[in-house]
Each structure stands twice: as C-alpha cells, then as structure tokens.
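To keep things clear, I will list the structure first and then write my remarks on it.
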Amino acid sequence: MSKYDPIVYKEGKRLFYRFSAHQRLQHVVLFSSVLILALTGFPLRHAEESWARPLYDLMGGTELAPLIHRAAGTVLLALFVYHTIYWMVLFYKNHIGKLKREKRVTIGNIIREFFSQEMVPNKKDLIDIIHIWKYLLYFTNRPPRHERMSWREKFDYFAPYWGIPILGPAGVALWWRDEFSHIMPGIVLNAAYIMHTDEALLAVLFLFFVHWYNVHYAPEKFPAATVWLTGYLTEDEMIHEHYADYVRVMIEQGLEDQIQPQHFGGKEYDW
Amino acid sequence: MQVAHSVLIRDVGMNKHVMTKWIAVFVFSFCMFSYSNAGFAGDELNCVLCHKHRGLSRIDEDGKFRLFYINQELFDSGPHRRNKCKDCHTDIDKIPHEPARKVDCMQECHMVEPSGNIKFSHKTVEETLHKSAHSPLDEDGKPKPHQEDYPGCKDCHDQPFYRPFSFYKGELKAGVSKRGISRCKGCHTNGDFAEDFYEHITTRLRKSRYPMETIKSCAKCHQDPEFQERHDLDDVVTTYMQTFHGKMIALGSEKTADCLDCHVVEGENTHLIEGKEVITSAVYKNNVQATCRTSECHEKAAAQLASYQTHVTYDREKYPLQFYMLVGFKALMACVLYFFLALIFLELLRRLFPCFSFIKDKKQDDEVE
Numbered sequence: 001m002s003k004y005d006p007i008v009y010k011e012g013k014r015l016f017y018r019f020s021a022h023q024r025l026q027h028v029v030l031f032s033s034v035l036i037l038a039l040t041g042f043p044l045r046h047a048e049e050s051w052a053r054p055l056y057d058l059m060g061g062t063e064l065a066p067l068i069h070r071a072a073g074t075v076l077l078a079l080f081v082y083h084t085i086y087w088m089v090l091f092y093k094n095h096i097g098k099l100k101r102e103k104r105v106t107i108g109n110i111i112r113e114f115f116s117q118e119m120v121p122n123k124k125d126l127i128d129i130i131h132i133w134k135y136l137l138y139f140t141n142r143p144p145r146h147e148r149m150s151w152r153e154k155f156d157y158f159a160p161y162w163g164i165p166i167l168g169p170a171g172v173a174l175w176w177r178d179e180f181s182h183i184m185p186g187i188v189l190n191a192a193y194i195m196h197t198d199e200a201l202l203a204v205l206f207l208f209f210v211h212w213y214n215v216h217y218a219p220e221k222f223p224a225a226t227v228w229l230t231g232y233l234t235e236d237e238m239i240h241e242h243y244a245d246y247v248r249v250m251i252e253q254g255l256e257d258q259i260q261p262q263h264f265g266g267k268e269y270d271w
Numbered sequence: 272m273q274v275a276h277s278v279l280i281r282d283v284g285m286n287k288h289v290m291t292k293w294i295a296v297f298v299f300s301f302c303m304f305s306y307s308n309a310g311f312a313g314d315e316l317n318c319v320l321c322h323k324h325r326g327l328s329r330i331d332e333d334g335k336f337r338l339f340y341i342n343q344e345l346f347d348s349g350p351h352r353r354n355k356c357k358d359c360h361t362d363i364d365k366i367p368h369e370p371a372r373k374v375d376c377m378q379e380c381h382m383v384e385p386s387g388n389i390k391f392s393h394k395t396v397e398e399t400l401h402k403s404a405h406s407p408l409d410e411d412g413k414p415k416p417h418q419e420d421y422p423g424c425k426d427c428h429d430q431p432f433y434r435p436f437s438f439y440k441g442e443l444k445a446g447v448s449k450r451g452i453s454r455c456k457g458c459h460t461n462g463d464f465a466e467d468f469y470e471h472i473t474t475r476l477r478k479s480r481y482p483m484e485t486i487k488s489c490a491k492c493h494q495d496p497e498f499q500e501r502h503d504l505d506d507v508v509t510t511y512m513q514t515f516h517g518k519m520i521a522l523g524s525e526k527t528a529d530c531l532d533c534h535v536v537e538g539e540n541t542h543l544i545e546g547k548e549v550i551t552s553a554v555y556k557n558n559v560q561a562t563c564r565t566s567e568c569h570e571k572a573a574a575q576l577a578s579y580q581t582h583v584t585y586d587r588e589k590y591p592l593q594f595y596m597l598v599g600f601k602a603l604m605a606c607v608l609y610f611f612l613a614l615i616f617l618e619l620l621r622r623l624f625p626c627f628s629f630i631k632d633k634k635q636d637d638e639v640e
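Going line by line, the protein sequences match chains A and B. In terms of my numbering, the first sequence is numbered consecutively and its last residue is 271. In terms of my numbering, the second sequence is numbered consecutively and its last residue is 640.
Shown next as structure tokens:
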C-alpha cells in the first residue's frame, strides 16, 4: 500500500489512490473469466432462443465451448482461492500483526479488527443504506458521505463471495458428474443444475444492470470508468462517491484548507 | 414404399373439385414432350418421366391437394434408391395410371435380404413395434382407445437419407471415403454396388438421423397438449429440452443422449420403446442405472446416478426439491434486482433535483459521518 501516494497530480488535477496494480490485475482476471463464462454458458442456458446457436458456434460450438467454459470456471475458482488467501495475508499483516506488536491479541480484538477492514460491511453501511433511501425519497436533502468503500462497492465485492460458492461446486459437480455420482445421488445434480443456472442468471443480470450502471451507464461514468485501469479516482468522483474518505485523505495530506464542499454536477448540496 | 413416399408427396388440405381423367392424359402428353433421359436407378418404368415435374398434382376425392413431384436428388440420397417404383406402388400397372393405393411398408420387395436369402420386408419392424408402448393393440390383442394416436411408419419416418462417413488418419468426415471405396471397387465393379453398400454400412455405424430430428419426430405427438391429456402424459419433450442433454442437442451436438438413447435398451431394436412400468423397459426404475451407464454414455458413473430426474415439471407435489429451489432462487433474484433497479431509477431521477427535500435538514454539519 505504501508504495502508492494517496494523492497524485496529473495535468494539474488531483487524483486519489484506490487500487494497487495487483488488485487491478485480479479484477481483470475476474471480469475476463466471468465474461467468457457468460458467453459460453448463456447460449446453453437459453439454447432454444434464436441467438443461442450462432453465439455458441462463435464461442467454439458444442465441442469447444464447454471446454472453454470449464477452463474459465477453473480460472475463476483459482482466483477466488487466491484472492481469499491474499485477503487473509493482508489481514494478518495489517491487523493481527498490529495487535501482536501491541500485545493485544484477544478474540474480541481480532473480531473488532476484522470488521475494521475497509471491505467488510459494518454499522456505517447499514446507516448509509437507510440514509440513501431517505435521500432518494426526498426525506432529506443530504446524500450519505461514504468512507473508502461504500456499501454498494461492498455488495459488488461480496457478490462473488456469495455467487462463487454456489456456482463453483455446482459447476464442478455437473462437470465431473460420473465421478461425483460415487459420493452423491443423482438428484443432487438436479439441485446443482438449478443452483448453477439460476445463480448465474442472477450474477449476470446484477453485473449487467447494477454493476455496469455503476461503472458504465451512469451519466458521469459513460462510456466507462477508468479506475479499474489507472487505480485512481478524480477529485470530483471522490467528492461524489466517497466524501468522508475524501475529507480524511485531504486532512491527512495537510490540504484541509482546500477541501471542497460536497457537491454533484456543479450543484452544491444544501448542508 | 410408403416411407419413401412421404417426402415426395406432400398433402396440403384444400377443398377443390376432383380432376378429371382428360387432364391426366394432358399431363401425360406434356410429359412425353418434355421427356429427358434423366432417371434414377430403380426407375425402370420411367415414372419420373411425369413425376419429375414440380407442378404434378391434383385434388383428391377428399378435397386434399396432393403433389406427386419426386425430387430425384433427394430420392437418390436414400436407401430406397435401388427399389423399383413398382416394388412399393404394386397396384400401378399401366401409364397413365389410376390413383394409387397407399403404400404398405410391410410388403415384400424385390430385394433379397442376404443373411436369410429371403425377400426384404419391414415386417419385423411392425412386429417389434407391436411389442412396444406405441402398439395400437393392448396385451390381449384388442385395440387401445384413441387408435388415431398410435403411430404408423410415416408418422415417425420421412424419406430416410444416407449419412455416410469416412475415416482417414484419425479424422472423421461426412461422405464417402474415396480411399475406402477404391478397395471395394477393385472387385465390385458393376454399377453403384460399392457406393450403395459403403453408404448402407457406414450410415448404420452412427445414428441415421440427427438427434434433433428424432426429438422433433417424438414431439409431433408428445408435445401436443391434447395428446398428453388423452393419454395422461406429462410434456416430456419440453422437460427434456430443459436438460443439458436437450440443450446441447438444440445447439447442434450429436454426442448427447436423445429420446431413443434413454428409452431403448442398448442393443435392442429402436422400435421397441416400452413404458416405464414395463419391467424390461430401459426406463423401468430398476433399469435406469444400467441405461445411464451404457457404453459411450455415463460408463464411469455409479448406480445412484439413476436418481437424477430428467423430466422435471417443477410441480410442487412431484418435484418438491426443484420446486422450492426454483422459488427460492427466483425470490432472491427478484429481491436483489428490484432493490437495485429501484435505487438506480430513483437515483437518476434525483439527479434532476439533487437538493430538494420534503423535510429540510437545516443542520450545518460538516463533520464526517
């Protein structure tokens, strides 16, 4: 983390650090494998539709497309395991290590440290969810001020942690169905089929409508956000999406006098 | 033959007057003037002299429009190409001829079946069919109800085509192998004998029809809601098409199991499809595991693979596991998507009035929450 400056200047504009190159690379592997899985899986799920056959043929047809699908699934599962280990290592280094140095290693402190991680949902997220609905329904004129990771980003982040444990084992069971039948009855494959196809539909619809809205379709992002490539957010994006974090970073960098009020699209909120 | 006839003669319902004989004479005369030397192998009587014309047709006594055009190219691609027309249309003995009787596929034709040195007939197929679920007779030999629902040859079979393949240096290709046929033709030099037998044999080394054709053939009856109601059957075709087997076939696979792979005991005659309550049936509860584990299918699977349910209707009583899982996933999907889509919609709307509020919060709070 320390090798990245919290704020960098490019062409006179302030950019705020978000993701390391390592994290961005993991994201590239994640979305590439998910896209390939969707392109090779959905023609099969909707085989009766007129678009399915041409798309499946384009992806290799009935001989090659299943192999590509399984290869992409293997990559995604491997990434899931890798990222979990990466997360555990970071947690140990940054949180358990700190407790050890301070000789405060207790169960309670470990739990507290766990929930203090930037990606783990906490009480502030619950407050922010209630707050955003109040704001969207015009019961307050103040939008929530998000920390480094907003509740929506946490939902995006934990979606694979909910989806992959459902899709992955079901996919493996359907792939190795003959071998699997030696330890489980065949009806488990009926369950695996529903798990795999329906969870995949939910994942793809969520990615297409919700995640892509956040990073592609939203007016200020269209046609695409660049943070996944550069690792940095602009000052306007930080103010709009992570105002609490923006204020914190500006104060930490001694730029307190240059903190801008929370605004969006040139309109300052009536605080 | 009746089988051959089905693709060559198309029946279209059309209530018109019957053609008179003089028109037939006129047609015959027209054919004579446009005579060409073209003709297929079995056409010793020169039937295609008239039947090669695409418009050769009439309205029959039932008011049906009947087309008598023979597509020679198609006919020459199938196993009946060596039959003479008269082998099947036995009642035709003069030209121009009277309306011909329906072809009986069970009659003997001129071809000699080499293993028994007897005249060939599809009689054995009929005998097998009568042992199957598709027999119009019950165990006591009495007609079953709804006789019209039980299939004859033409209900499942169109004009069959050869699907030969060649195999050279490990690569499987469609069509006759020039290298393979050259070995036959070294001795079998007369006519198309070598080609006929090459196609006859290699076509039978794989499925004679594309799996999707087989499914569509079964679907003609089994996907008809009225047929299902008459025989108290589920929509097995739709439920099959929802399985990975069905989906892969819809996408063009020939390696996945179609109806016949699961409903005919390995090695049995394809026409012997028995109901699931018959003890010798491929889908009898105790036989399913053997059917799934037949060679080239799930050979390595354990017997308990058989508890996989193929024709799932998502009926709460019959398939509670699938029903509740499906409801659970749909509910989850609805909750997640409606929550976020509503949020996105309201957020886009809010951009028009970012500072408006029914309840004005006057608190000047610059603290980070």
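Beta carbons: idealized from backbone N, C-alpha and C, even for Gly.
Where do the ends of the alpha helix (DSSP H) carrying residue i lie?
i	result
VAL210 (chain A)	Neither: VAL210 (chain A) is in no alpha helix (DSSP H) and is coded neither H nor E.
LEU15 (chain A)	Here LEU15 (chain A) belongs to no alpha helix (DSSP H); instead the beta strand (DSSP E) covers 13-17.
THR62 (chain A)	61-91
ARG587 (chain B)	Run containing ARG587 (chain B): none; DSSP gives neither H nor E here.
LEU137 (chain A)	Looking at the DSSP string, LEU137 (chain A) is not in any alpha helix (DSSP H), and its letter there is neither H nor E.
THR40 (chain A)	21-45
GLU398 (chain B)	394-400
GLY186 (chain A)	Per DSSP, GLY186 (chain A) belongs to no alpha helix (DSSP H) and is neither H nor E.
ILE630 (chain B)	Looking at the DSSP string, ILE630 (chain B) is not in any alpha helix (DSSP H), and its letter there is neither H nor E.
THR565 (chain B)	THR565 (chain B) -> no alpha helix (DSSP H), and no H or E assigned at all.
CYS376 (chain B)	Where CYS376 (chain B) is concerned, there is no enclosing alpha helix (DSSP H), given that its DSSP letter is neither H nor E.
I think residue i touches residue j, with their Cβ atoms under 8 Å apart; what is that distance to the nearest whole Å?
i	j	result
ALA47 (chain A)	ALA521 (chain B)	4 Å
PRO185 (chain A)	TRP151 (chain A)	The Cβ separation is near 41 Å, so there is no contact.
ARG353 (chain B)	MET382 (chain B)	7 Å
SER33 (chain A)	LEU79 (chain A)	7 Å
TYR433 (chain B)	GLU470 (chain B)	4 Å
VAL215 (chain A)	ALA203 (chain A)	Not confirmed; about 16 Å, so no contact.
ILE330 (chain B)	PHE336 (chain B)	6 Å
HIS196 (chain A)	LEU167 (chain A)	6 Å
THR514 (chain B)	GLN494 (chain B)	About 15 Å; that fails the 8 Å criterion.
GLY231 (chain A)	ARG18 (chain A)	6 Å
How far does the beta strand (DSSP E) with residue i in it reach, from first residue to last?
i	result
THR485 (chain B)	Per DSSP, THR485 (chain B) belongs to no beta strand (DSSP E); it is in the alpha helix (DSSP H), 482-493.
ILE544 (chain B)	Neither: ILE544 (chain B) is in no beta strand (DSSP E) and is coded neither H nor E.
LEU338 (chain B)	335-338
Could you tell me which residues DSSP puts in a beta bridge with residue i?
i	result
ALA445 (chain B)	B:PHE436
GLU384 (chain B)	B:ILE389
PRO414 (chain B)	B:LEU408
VAL8 (chain A)	A:LEU15
ASP330 (chain B)	Inspection of the sequence shows that residue 330 (chain B) is occupied by Ile rather than by Asp. Answer is B:PHE336.
TYR232 (chain A)	A:TYR17
Sorted by chain position, which residues of the same chain lie with C-beta nearer than 7 Å to residue i's C-beta, five sequence neighbours on each side aside?
i	result
LEU597 (chain B)	TYR585
CYS356 (chain B)	GLY313, ASP314, LEU316 and CYS318
ASP467 (chain B)	ARG353
GLY517 (chain B)	TYR511
GLN575 (chain B)	none
GLN560 (chain B)	ALA574, LEU576 and ALA577
GLU277 (chain A)	Not covered by the structure: residue 277 (chain A). The range shown for chain A is 1 to 271.
TRP228 (chain A)	ARG24 and HIS27
GLU179 (chain A)	none
LEU189 (chain A)	ALA173, LEU174 and ARG177
Excluding sequence positions up to five away, which residues of its chain have a Cβ less than 6 Å from the Cβ of residue i?
i	result
THR399 (chain B)	ASN540, HIS542 and LEU543
VAL8 (chain A)	LEU15
CYS238 (chain B)	In this structure chain B extends from 272 to 640, so residue 238 (chain B) is not present and cannot be described.
ALA445 (chain B)	PHE436
ALA192 (chain A)	ALA170, ALA173 and LEU174
LYS305 (chain A)	Residue 305 (chain A) is absent from the model: chain A starts at 1 and stops at 271.
PRO43 (chain A)	ALA52, LEU55 and TYR56
Excluding the 5 residues flanking residue i on each side, which residues of the same chain have their C-beta closer than 8 Å to its C-beta?
i	result
THR62 (chain A)	TYR56
PHE91 (chain A)	GLU113, PHE114 and GLN117
ASP505 (chain B)	GLN499, HIS582 and THR584
Practice task
Can you give me, in chain order, the residues of the stretch 517-531 of chain B that have a beta carbon less than 7 Å from any beta carbon in chain A?
Solution key: LYS518, MET519, ALA521, LEU522, GLY523 and SER524
Exercise for the section: Residues of the stretch 19-49 of chain A with a CB closer than 9 Å to any CB of chain B: list them in chain order, please. Expected result: PRO43, LEU44, ARG45, HIS46, ALA47 and GLU48
Problem - Residues from the stretch 574-593 of chain B in contact with chain A, defined by Cβ distance under 7 Å - result: GLN575, LEU576, ALA577, SER578, TYR579, GLN580, VAL583, LEU592 and GLN593
Exercise for the section: Please list the residues of the stretch 61-92 of chain A that have a C-beta atom closer than 7 Å to any C-beta atom in chain B, keeping them in chain order. Expected result: GLY61 and THR62
Handout entry: Interface residues of the stretch 177-194 of chain A facing chain B [CB-CB below 9 Å]
Key = ARG177, ASP178, GLU179, PHE180, SER181, HIS182, ILE183, MET184, PRO185, GLY186, ILE187, VAL188, LEU189, ASN190, ALA191, TYR193 and ILE194
Handout entry: Selection of the stretch 429-463 of chain B by Cβ proximity to chain A, strictly under 7 Å
Key = none
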